Amino acid sequence: MVVANPIYDIVFKYLMEDERIARTILSALLKKDVVAVEVRPHEYSDETRDSLSVFRIDFGATIRESDGKEHLILIELQKTWLDTETLRFRQYLGVHYSNPKNMLDPGRSLPMVAVYLLGHKVGDVEEPVLYVSHQSFDYNNNIVTKGLPNPFVDSLTHDSIIVQIPRLHGHINNRLDMVLSIFDQTRRDVNDNRLLQIDDRAYANDADMERILHRLTMAAADADMRHKMNVEDEYFGAIEKRDTEILMRDKQLAEQKTQLAEQKTQLAEQKTQLAEQKTQLAEQKTQLAEQEEMLRTTVKMLLEMGKSVEEIAESLGKDLNTIKRLA
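Quick note: the sequence shown uses my numbering, first residue 1113, plus one each step.
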């Protein structure tokens, strides 16, 4: 069956607006039972540039633990196509921590999990999904468990889940693989990147997955939705072109900087060589002056002995004019 590609922001937003689907996806990511989710309007907006390059949804999620206890956490979900957004992710986290609406009571924040759906690879990390959990250690690097979890500690740290969409290759080994398989870009339609070719038999008898596929099918059939996907393509195409130009410019600037540094080094070396040559010339001048002084002393001594300048020039093998000048 043909469904809309949820890597597009407009499709992903449409998908996550369904509360049951949001619970299905978040439960799989968290590996916990998410019994209720509520989309929280966020007041943060980045108007400096590329406001669509990072797509964000914030959820208040009620989690039911294995002992039956329930508690509320904040889930910050961010999705991007670009690989230059690390700083902006961190800036957005800072906004969350400072938002009084995310406080359980004064001085204590809601526990938070940050989920990053990335349209690019994270270096050489091969795992498609990374769970980054923070542990507490004493001075001797022993894990501290007594008294934890603790509201104060939980308010200052958060766990992260990083999904590398390009490393999803259709292998379904668990519930998370099943859910994330709808993002697998190896299933893109060869003629239209906005669509995925899905074998719905792999999801038979799974009501939650069938609901996801049904909603993606509805999105694929929606003309307005497909138009907005085209707009995204054009938008990100423009961003990629601009980023390529920036990278090329930065590369040229780096090369020019290297060339200038090399020229500066060469000039410094030439300056050193000139200084050495000047020193050598000064030494040679000093040596010549010393030799001339010795010659003058010799000439005067020979003159006092009654030798003529002609005899002195002949005996010393010097030019007659030179001897006359020194006499």
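Here a beta-carbon is modelled for each residue, glycine too, at the ideal position from N, C-alpha and C.
For clarity, every value in this text was computed on a predicted model and none was experimentally measured.
Problem - Residues sharing a beta bridge with Gly1418, DSSP - result: DSSP output for Gly1418 lists no bridge partner at all.
Exercise for the section: Confirm, please, whether the CB-CB distance from Phe1171 to Ala1134 is below 9 Å. Expected result: Cβ distance < 9 Å, so Ala1134 and Phe1171 count as in contact.
Handout entry: Length of the line joining the Cα atoms of Glu1422 and Leu1428
Key = Across the structure, Glu1422 and Leu1428 are spaced so that their CA atoms are roughly 10 Å apart.
Handout entry: Per-residue DSSP class, three states only, for Ile1247
Key = It should be pointed out that residue 1247 corresponds to Gln in this sequence rather than to Ile. Three-state DSSP puts Gln1247 in coil, outside helix and strand.
Handout entry: Unbroken stretches of the alpha helix (DSSP H), 4 residues or longer, contained in the region 1272-1333
Key = Here the runs fully enclosed are 1287-1292, 1319-1333.
Exercise for the section: Let me know the secondary structure DSSP gives His1183 once reduced to three states. Expected result: If DSSP states are grouped into helix, strand and coil, His1183 belongs with the strands.
Handout entry: contact_flag[the region 1229-1245, the region 1266-1274] where n(CB pairs < 8 Å) is 3 or more
Key = Short answer: they touch.
Handout entry: Bridge partners - Thr1174, DSSP secondary structure assignment
Key = Thr1174 pairs with Ala1148, Leu1184.
Problem - Straight-line Cα distance separating Ala1333 from Asn1253 - result: Taking the straight line from one Cα to the other gives about 56 Å.
Practice task
Give the range of the alpha helix (DSSP H) segment to which Asp1439 is assigned.
Solution key: One point to set straight first is that residue 1439 is Ala, not Asp, in the sequence displayed. Counting along the chain, Ala1439 falls outside any alpha helix (DSSP H), and DSSP gives it neither H nor E.
Problem - Reduced DSSP category for Leu1242 - H, G, I as helix; E, B as strand; rest coil - result: Assignment of Leu1242 by DSSP, reduced to helix, strand and coil, places it in the strand class.
Handout entry: Simplified DSSP state of Ile1119, which is helix, strand or coil
Key = Looking at Ile1119 - three-state DSSP - the assignment turns out to be coil, as it is neither helix nor strand.
Practice task
Please state whether DSSP places Val1237 in a helix, a strand or coil.
Solution key: In the displayed model, Val1237 falls within coil according to three-state DSSP, outside both helix and strand.
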